[in-house]
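K.L.:
Submitted below is the structure of interest, expressed as structure tokens.
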Amino acid sequence: GEDVEQSLFLSVREGDSSVINCTYTDSSSTYLYWYKQEPGAGLQLLTYIFSNMDMKQDQRLTVLLNKKDKHLSLRIADTQTGDSAIYFCAESSGGYNKLIFGAGTRLAVHP
Amino acid sequence: GAVVSQHPSRVICKSGTSVKIECRSLDFQATTMFWYRQFPKQSLMLMATSNEGSKATYEQGVEKDKFLINHASLTLSTLTVTSAHPEDSSFYICSARDSRDYEQYFGPGTRLTVT
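Quick mapping for you: the protein sequence lines, in order, are chains A and B. Numbering of the first sequence is given in this note's numbering, commencing with residue 1 and proceeding in unit increments. Numbering of the second sequence is given in this note's numbering, commencing with residue 112 and proceeding in unit increments.
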């Protein structure tokens, strides 16, 4: 079945760039998403990329997609303490926009 | 922007009782809503897909008689946890798919604690 994997933890210094990686198995994925979850809250859609794109940039966020290797990454430039959260990678390919989530990467930003 | 609300945000109930959680799309219509469950420090697991006016589609391993889903209108879906047990304690998150652009928007979640 479909599977999405992420590293569980990333620690960066404030002002540095963060890169969160994700791999997926479903070659028919149409959209790939990045969501942010702060403690005790729901999910906030950060950005998404269509499977026929290689890169998408949105302010401090850059998404890179290597469809051949089924690898997705999220780069956060100039990481701030407010970026500390859990970041979920998700893919969608089936009907009704069913999302398959990774386990989430906990990003810790320290001074 | 599209907003999805959930009510209640937190609920504590006794073992054996039932709890209803509401998911509302506030400024858009959603023919499809999704219910997820999230255990501490784990990912979201899709429980069921709720379609307005028809029966919900449950994921494998989810008991449909225990987790009753009703999607009676284009802006409201409810999840009722029947005969709750401590192992049902979890964070339940809904999402609603906007009928206009098919994007999925998430609610803030409901933390259920069964004592």
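Just so it is clear, CB atoms sit at the ideal spot from N, CA and C, and this is done for glycine as well.
1. For A:Ala108, go through chain B and note every residue whose CB falls closer than 8 Å to its CB, in chain order.
2. Buried or exposed: where does B:Thr224 fall if 16 or more other Cβ atoms within 10 Å of its Cβ makes it buried?
3. Could you list which residues in chain A have their beta carbon closer than 8 Å to that of B:Gly220, in chain order?
4. For the segment 136 to 164 of chain B, enumerate the residues whose C-beta is nearer than 7 Å to any C-beta of chain A, in chain order.
5. Following the continuous beta strand (DSSP E) through B:Val192, name the residue where it begins and the one where it ends.
6. Interface residues of chain B around A:Leu99 at Cβ under 9 Å?
7. At 9 Å on the CB atoms, spell out the chain B contacts of A:Lys103, in chain order.
8. Measuring straight from C-alpha to C-alpha, what distance separates B:Tyr147 and B:Leu185?
9. Whose Cβ in chain B lies nearer than 9 Å to the Cβ of A:Phe88?
10. What separation, rounded to the nearest whole angstrom, lies between the Cα atoms of B:Arg96 and B:Thr189?
11. Would you give the residue range spanned by the beta strand (DSSP E) that B:Glu163 belongs to?
12. Going by other Cβ atoms of all chains shown within 10 Å of its Cβ, with 16 needed for buried, is A:Ala108 buried or exposed?
13. Bridge partners for B:Ala57 per DSSP, in chain order?
14. Under 7 Å between the Cβ atoms of A:Ile49 and A:Leu61?
15. Relative to the C-alpha of B:Leu179, which candidate in B:Phe217, B:Glu133, B:Asp209 and B:Glu198 has its C-alpha closest?
16. Please name the residue in A:Gly102, A:Leu74 and A:Arg106 whose C-alpha comes closest to that of A:Ser17.
17. Taking B:Lys131 as the reference, give the member of B:Ala141, B:Lys175, B:Lys166 and B:Thr193 with the closest Cα.
P.N.:
According to the structure data:
1. Going along chain B, no residue has its Cβ under 8 Å from A:Ala108, so there is no contact; the nearest lies around 14 Å.
2. exposed
3. Gly40, Ala41 and Gly42
4. Thr143, Gln153, Ser154, Leu155, Leu157 and Thr160
5. Leu187 to Val192
6. Phe145, Tyr147, Leu155, Leu157, Ser206 and Gln215
7. The residue asked about is misnamed: residue 103 of chain A is Ala in this sequence, not Lys. By Cβ distance, chain B contributes Lys152, Gln153 and Ser154.
8. 19 Å
9. Ser154 and Leu155
10. Residue 96 of chain B falls outside the range modelled here, since chain B spans only 112 to 226, and no answer is possible.
11. Per DSSP, B:Glu163 belongs to no beta strand (DSSP E) and is neither H nor E.
12. exposed
13. Lying outside 112 to 226, the shown extent of chain B, residue 57 of chain B is not represented and no answer is given.
14. no
15. B:Glu133
16. A:Leu74
17. B:Thr193
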